[in-house]
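Below is one structure, written out as structure tokens, with a few remarks after it.
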RNA sequence: GCCCCGGUAGCUCAAUAGGACAGAGCAAAGCACUCCUAACGCUUAGGUUGAGAGUUCGAGUCCCUCCCGGGGCACCA
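Numbering (the working numbering), first residue to last: 365 to 951.
Written as structure tokens, this is what we have:
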């Protein structure tokens, strides 16, 4: 926003360094933390420390001397209202009127693109969600779905072209067990509603049956053999029932506003995976120990000549010659680069327990000579547990189903909506409840660092107060409500010619930081930077709302504030969009 | 045994590529609703950032050693 003035100041600082023989260190700007008037700041501790060379000196004192000298020299620079030196810091305060006018004008001009970066013409892939077909979808699965979706949104906003990929686990022992139970006890049945729940029920029933009677394992082996031989009955049944699961997932993805560009199915990679294993053997990277009853393995540490264990040993093919997850992951990684050779990065949003696995897969591919292997990156996240550190697992029955959570959250939101918006049509009330309920579910999973475990409990999941999505949505609604009263007619660009209050300045300040925050979130791959930003923005708006009347004040203050409200509404809307959270029109 | 991650207010979490007094929410106590929607706001209280040593002008952040918790380490995914 003030890039020009900033660069000018930078040039002058360097000029001063040259004249006084100080080292030409980079000038790093930070925001001045104080409220009231905004600006940028830089420190001179580093320069001061360097200036002493090997001899000693009082760094703090020297830093402050430099700051004072520069404050003197820069005083009067255009674009800055005030320049001061404090404790070795040089603070440059922007001219408030000019600054706020520029910010507001820019937001209103750029609209939903405000804060977004220039197109970089660099393509990325984010793989996330990867649900298992023939199983229930529970709350533990949400984290990957939300994180991946929001990362994709953030990276897009930062300027990348993003391919959103899904990798459903559509085959494997769990599917075989499911098919066995279905064909034996439920043949011909079809789910009508709540597909995913129904699929999950068939699966857990299979597990129960197998637990009760160990002899049934033989039937599972037979079923697996039939699958291997591509027995038409089994394959057809698999195809049909798999689709049910996918339909169920799609329903939920639509509800959650999550979309994919590309589906890779686990079942597609069995053969190509085995081909890669053959290749690894030919290249002498993998070792076939099947003759001695072992498996096909890659001794990664040994290949790399590492003295200590790091990547350990990866099994790439079972001793019976069948493929395992690792086999398929080798082929999947390759397929992604066959489809999109220009990928700058290929991200995998998968839980932290698979960290070693991915290191092994990527390192093995690197050893095999695939140069793109170094562009693969695992983005781990911690699990969602139940109180008492209980892991959510379908087999254990320790799960909270997504359907139930959405239903509960939406129902709770609906009672509040009905209470507060009696005059609204039922249909609109439902819509708002959905936006609020789902937003409330998403927010807590996005607002904590991905390497922190989330403990799910109903009470806090359904608590809409405080640092939560509804707070931000409410700020949006309030802004919207003011603007509706002026029929959304926004006054022409004008510079505020009254002294801005602290809450107006804070609000503008936060709006101004948006594009920095998006870039930072993209750089660090951290959605929580956006949840923090959105929350602070909402808080600043709520503060402004209570402190500054808009419609009841005289011109030109009134028009300026209407413009500010419009800019704030846009900024909040953009933040919510990045988080995949709907901004409702009323609450 | 080896590797990875966490430990910040009673609880749940922040802390911008080492930078200004470690900040929010919840819970607690009090205040506030004839005024653009109170799903809001204000005040108070609450901290030896797990412990110890180190690097630095400056450490919650970086190095080292411990303690506690979680996870991972050959044919599960």
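Each residue gets a CB set at the ideal place from its N, CA and C atoms; glycine is no exception. Since the model is a prediction, treat every value here as computed from it, not as a measurement.
**OP:** Sort out for me which residues DSSP pairs residue 741 with in a bridge.
**Re:** Beta-bridge pairing links residue 741 to 711.
**OP:** For residue 713, I'd like the list of residues in its chain whose CB is within less than 6 Å of its CB, leaving aside the five on either flank, ordered along the chain.
**Re:** Closer than 6 Å at Cβ, skipping near neighbours: 492, 508, 511, 512 and 743.
**OP:** Specify whether the region 861-880 and the region 910-920 touch according to this definition: at least 3 beta carbon pairs, one from each stretch, less than 8 Å apart.
**Re:** With a cut-off of 8 Å, the region 910-920 and the region 861-880 count as touching, because enough Cβ pairs lie within range.
Original post:
Which residues mark the beginning and the end of the alpha helix (DSSP H) in which residue 489 is found?
Top reply: Counting along the chain, residue 489 sits inside no alpha helix (DSSP H); it lies in the beta strand (DSSP E) bounded by residues 487-491.
Original post:
Could you give the distance in angstroms between the alpha-carbon of residue 584 and the alpha-carbon of residue 594?
Top reply: Going from the Cα of residue 584 to the Cα of residue 594 covers about 15 Å.
Original post:
Excluding the five sequence neighbours on either side, which residues of its own chain have a C-beta within less than 6 Å of the C-beta of residue 571, listed in chain order?
Top reply: Cβ neighbours of residue 571 beyond the five flanking positions: 759.
**OP:** Can you give me the Cβ contacts of residue 813 inside the same chain, cut-off strictly under 8 Å, excluding the 5 residues immediately before and after it?
**Re:** Listed in chain order, the non-local C-beta contacts of residue 813 below 8 Å within the same chain comprise 890 and 892, local neighbours out to five positions each way being set aside.
Original post:
Which one or two residues does DSSP pair with residue 403 in a beta bridge?
Top reply: Partner residues in the beta bridge of residue 403, as assigned by DSSP, are 457.
Original post:
In terms of residue numbering, what span does the alpha helix (DSSP H) encompassing residue 960 cover?
Top reply: Nothing in the structure corresponds to residue 960, since the chain is present only between 365 and 951.
Original post:
Between residue 761 and residue 695, which are expected to be in contact by the criterion C-beta below 8 Å, what is the C-beta distance as a whole number of angstroms?
Top reply: The distance from the Cβ of residue 761 to that of residue 695 is about 34 Å, inconsistent with a contact at the 8 Å cut-off.
Subject >> Simplified DSSP assignment, three categories, for residue 819 >> reply: Residue 819: strand per DSSP, three-state reduction.
Original post:
Looking only at C-alpha atoms, which of 899, 543 and 395 sits nearest to residue 597?
Top reply: Closest by alpha carbon: 543.
**OP:** Measure the Cβ-Cβ separation of residue 826 and residue 772 and say whether it is below 8 Å.
**Re:** Yes.
**OP:** State the DSSP-derived secondary structure class of residue 746, mapped to helix, strand or coil.
**Re:** In the structure shown, residue 746 falls within a coil segment according to DSSP collapsed to helix, strand and coil.
Original post:
Applying the criterion that 16 or more other CB atoms from any shown protein chain within 10 Å of the CB defines a buried residue, is residue 402 buried or exposed?
Top reply: Residue 402 counts as buried, since no fewer than 16 other beta carbons sit within 10 angstroms of its beta carbon.
**OP:** Enumerate in chain order the residues of its own chain whose CB-to-CB distance from residue 373 is below 7 Å, with the five nearest sequence positions on each side excluded.
**Re:** So the list reads 438, 441 and 456, once near-sequence residues are dropped.
Original post:
Are the beta-carbon atoms of residue 748 and residue 820 separated by less than 8 Å?
Top reply: Between residue 748 and residue 820, the C-beta spacing is below 8 Å.
Subject >> Identity of the residue in 640, 936, 817 and 697 nearest residue 844 by Cα >> reply: Taking each of 640, 936, 817 and 697 in turn and checking the Cα distance to residue 844, the smallest one comes out for 936.
**OP:** Compute the beta-carbon to beta-carbon distance between residue 613 and residue 501, rounded to the nearest angstrom, for a pair I have assumed lies under 8 Å.
**Re:** Right, the Cβ-Cβ distance comes to about 7 Å (below 8 Å), so this counts as a contact.
Subject >> Sub-8 Å separation of residue 497 and residue 606 beta-carbons >> reply: Residue 497 is a Cβ neighbour of residue 606, given a cutoff of 8 Å.
Subject >> Meets three-Cβ-pair contact criterion under 8 Å: the region 717-733 and the region 673-680 >> reply: Judged by Cβ distances under 8 Å, the region 717-733 makes contact with the region 673-680, as three or more pairs qualify.
Original post:
Can you round the beta-carbon distance between residue 885 and residue 894 to whole angstroms, since I take them to be within the 8 Å contact cut?
Top reply: In this structure, residue 885 and residue 894 form a Cβ contact; the two beta carbons are roughly 5 Å apart against a cut-off of 8 Å.
Original post:
Around the C-beta of residue 853, are 16 or more other C-beta atoms found within 10 angstroms, so that it is buried, or is it exposed?
Top reply: Per the 10 Å Cβ criterion, exposed.
Original post:
What is the C-beta distance between residue 488 and residue 709, in whole angstroms, given that I count them as a contact (C-beta under 8 Å)?
Top reply: Residue 488 to residue 709, Cβ: 5 Å. Contact.
Original post:
With a CB to CB cut of under 6 Å and the five nearest residues on each side skipped, what residues in its chain are close to residue 776?
Top reply: Cβ neighbours of residue 776 beyond the five flanking positions: 826.
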